[in-house]
Structures are given as C-alpha cells and as structure tokens.
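To start, the structure itself, in structure tokens.
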Amino acid sequence: MRRSLAFLSLLFILGVLLYVANPDYGLKFGLGGDDWKNMRYTDDYYITHGVNETGGTNIVTDIVFDYRGYDTLGEATVLFTAIAGAVALMRPWRGDEDEE
Amino acid sequence: MKSNDMGLIVKTMARTTIPLIGIFGVYIVSHGHLTPGGGFQGGATIAGAGVLLLLAFGLSEMRKRYNHKVYSVLESIGGLTFLGAAMLGFSVAFFYNTLWHNGPVLNGQPGTLLSAGYLPIMNLAVGLKVFAGLVSALAAIAAYRRWKE
Numbered sequence: 187m188r189r190s191l192a193f194l195s196l197l198f199i200l201g202v203l204l205y206v207a208n209p210d211y212g213l214k215f216g217l218g219g220d221d222w223k224n225m226r227y228t229d230d231y232y233i234t235h236g237v238n239e240t241g242g243t244n245i246v247t248d249i250v251f252d253y254r255g256y257d258t259l260g261e262a263t264v265l266f267t268a269i270a271g272a273v274a275l276m277r278p279w280r281g282d283e284d285e286e
Numbered sequence: 809m810k811s812n813d814m815g816l817i818v819k820t821m822a823r824t825t826i827p828l829i830g831i832f833g834v835y836i837v838s839h840g841h842l843t844p845g846g847g848f849q850g851g852a853t854i855a856g857a858g859v860l861l862l863l864a865f866g867l868s869e870m871r872k873r874y875n876h877k878v879y880s881v882l883e884s885i886g887g888l889t890f891l892g893a894a895m896l897g898f899s900v901a902f903f904y905n906t907l908w909h910n911g912p913v914l915n916g917q918p919g920t921l922l923s924a925g926y927l928p929i930m931n932l933a934v935g936l937k938v939f940a941g942l943v944s945a946l947a948a949i950a951a952y953r954r955w956k957e
C-alpha cells in the first residue's frame, strides 16, 4: 500500500515535470534572438563584460572564481568536509591490529 | 596475496605515464583562466596519476610514498590560499579582484599567462586542494581493513 502510494506520487511528480518542460507552457530550449536577450540577459552580460572585468579569457573560470566566488568557496568546503569525513570513517577500528 | 602489485608491463607503462599525467594536470590547472578546465578538473587529473600509482605498484609502495600528515597539510594550505586570494581586495569587497584592477603582478593582457588577477592563484590553490584530498581519500580507502573471510 505504502509502496504503491510512493510510486503514484513519483509518477505525479514526473508528470508535473514533463508538463513544465514542455516548450508550449514552460521552459524553452535552444534560445536565440529576442528570447536570448529576454531570458538569458545575465549570460549576455558575462559574455560581454567578462574579459574586461576579470581579465580571464575563460568565461567559466571568470564566473566561478570571480563573479560567484562564494559558490566556489562553499564547494571547496564541501569537498574538504567530504574528504575529512571519509578519512575519519576509514580509520582502523579498535582491535583490528590484533589479527594482523 | 603477499605482493599486490601488477605485472612488469603495467608497471613499466605506469612509470612512463604517471609523469605525463601529472604534467598534463599541472597544465590544466595553470592555464585554467585561458583554456577549458581549471582547479577542480586539473586536480582530479593529477589525482588520477596517484590512482595509477596505487593500482600499478600496490599498497606497499603507496605506503612508502604517502604520508597522510603531509597531504592533510597540503589540503589545508590550498584552502587557506584560496581564502587569502579572496581577501586580497578586502578594502573594497570580499572576492574583489584587486590584482587585476590595480595590482602589481598578474595584470597582463587578457589571454597571456600572467593575467586575470587572482584567478591563477585560486586555480593553483583549488588544484592542490582537490589533488591532496582525492589522494588522501583514496589512500584511506585502500588501506581500509581487509575483508573477513
């Protein structure tokens, strides 16, 4: 009963996402022309001003390290925490050394 | 089960390809502000050389070359260098690229290696951090206690 309910709710969410991703009602793919100017004006700004404002010719690096540096800082923190957690969990258990 | 390394051919090939992988990873990291790639990708590439070392030469060789204190210090140095580069322009704002706007170094023409302000510093820091972190996590997993038969 619970499993079928969970499956039905998954199906419902999938249907809603398919509805949203329909170009007639929601998201549009392959933007160009006026749609690009209206919906991707931030990307347009980055592409136009990125090289002058940060000096790097790789726009992705400009955005990741300069415009949105906090995001990269958080990503580095996530990586640090993940490594610290993995190494801490992989330490030998108490009494493992007796058998070797 | 005494020797857990691979055969002669694999070891010889690893001996020649590990420096190439390392050089290519350093190239990706140091040209992160000019070409596709950057700190995360290049660091993962260099860590691939560490994976190859562990797989080809076995855990005993890895134990000799790997010191987990050194690698944890390297990871911390990477993170702190990233934060220090972010705080260079702290008089204006956090993450203000002051080296590019009015800095003494790293303010060359866009497209040259010594340009883009703190972006190369941050790429190097993140690359070092990712490399040290992945290698230390891999070594911890490889040195995990054996399966009980």
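These protein sequences, in sequence, are chains A and B.
If you read the first sequence in this note's numbering, its first letter stands for residue 187, the second for the next number, and so on.
If you read the second sequence in this note's numbering, its first letter stands for residue 809, the second for the next number, and so on.
By construction, the Cβ of each residue, glycine as well, lies at the ideal position given by its N, Cα and C atoms.
In this text, all values refer to a predicted model and were calculated from it rather than measured experimentally.
- Nearest neighbour of Ala857(B) by Cα position, chosen from Ala951(B), Ser944(B), Pro912(B), turns out to be Ser944(B).
- Here the alpha carbon of Leu197(A) sits roughly 14 Å from the alpha carbon of Arg188(A).
- Taking 8 Å as the cut-off, the Cβ atoms of Val938(B) and Phe832(B) do not count as close.
- Looking from the CA of Thr853(B), the closest CA among Leu896(B), Ile826(B), Gly866(B) belongs to Ile826(B).
- Excluding its 5 nearest sequence neighbours in each direction, Gly236(A) has C-beta neighbours in its own chain below 7 Å: Ile245, Asp248, listed in chain order.
- Proximity of Gly241(A) to chain B, defined by a Cβ-Cβ separation below 8 Å, is satisfied.
- Taking a Cβ-Cβ cut-off of 9 Å, Pro912(B) has no neighbours in chain A, whose nearest Cβ is about 14 Å from it.
- In the structure shown, Pro844(B) adopts coil according to DSSP, grouped into three states.
- About 17 Å separates the Cβ atoms of Ala933(B) and Thr906(B), ruling out a contact at the 8 Å cut-off.
- Non-local C-beta neighbours of Val250(A) in its own chain, meaning closer than 8 Å and more than five positions away in sequence, comprise Asp257, Thr258, ordered along the chain.
- In the three-state reduction of the DSSP assignment, Thr920(B) falls in the strand class.
- Leu867(B) is outside the set of residues whose beta carbon lies under 8 Å from a beta carbon in chain A.
- Contact check for Ile929(B) against Ala893(B) passes: the beta carbons are separated by less than 8 Å.
- When Asp230(A), Leu203(A), Leu213(A) are compared, the shortest CA-CA separation from Gly219(A) is found for Asp230(A).
- If the five residues before and after Met895(B) are omitted, its C-beta is found closer than 8 Å to the C-beta atoms of Phe902, all from its own chain and listed in chain order.
- Nearest to Leu936(B) by alpha-carbon distance, out of Val881(B), Ala951(B), Leu921(B), Ala948(B), is Val881(B).
- Membership of Thr228(A) in the alpha helix (DSSP H) is indicated by the continuous run 227-240.
- For Tyr253(A), the closest C-alpha among the options Pro278(A), Glu239(A), Phe266(A), Val206(A) is that of Glu239(A).
- Beta-carbon to beta-carbon, Leu200(A) and Val206(A) are separated by about 11 Å, too far to satisfy the 8 Å threshold.
- Using beta-carbon distances, Thr843(B) counts as an interface residue toward chain A, with a partner under 8 Å.
- Thr243(A) sits close to Pro918(B), with the two beta carbons spaced by under 8 Å.
- Within the same chain, and ignoring the five residues on either side of His876(B) in sequence, the residues whose Cβ sits closer than 8 Å to its Cβ are Ser944, Ala947, Ala948.
- Rounded to whole angstroms, the Cβ separation of Gly830(B) and Asn931(B) is 16 Å, and the two are not in contact under 8 Å.
- Closest in alpha carbon position to Ala270(A), among Leu867(B), Leu863(B), Ala940(B), Gly925(B), is Ala940(B).
- Residues of chain B whose Cβ lies closer than 8 Å to the Cβ of Ile245(A) do not exist, since the nearest Cβ in that chain is about 10 Å away.
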